[in-house]
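In my numbering, the protein residues as written are 2 to 69.
This is the structure we're talking about:
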């Protein structure tokens, strides 16, 4: 909402905050994300270390006491 309701100067600032190395080649927009946004994309692409599937649920730990 902030982006759509902003003037062009603020839109440019927001885009610079999120991305860099933006260019248009053969009608295809290319860009690179700034940190930490790049890390979020990488986390989405691969399962967590040690996981045998894409589940984010962790296994049981050594503390088996009830949480309540």
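Every residue, glycine too, gets a C-beta built ideally from N, C-alpha and C.
Using a Cβ-Cβ cut-off of 8 Å (strictly less than) and excluding sequence neighbours within five positions of residue i, which residues of its own chain qualify?
| i | result |
| --- | --- |
| residue 31 | 22, 23, 24 and 25 |
What is the DSSP secondary structure of residue i, counted as helix, strand or coil?
| i | result |
| --- | --- |
| residue 9 | helix |
Quick test of the definition: if touching needs 3 or more C-beta pairs under 8 Å, does the region 4–24 touch the region 32–45? yes
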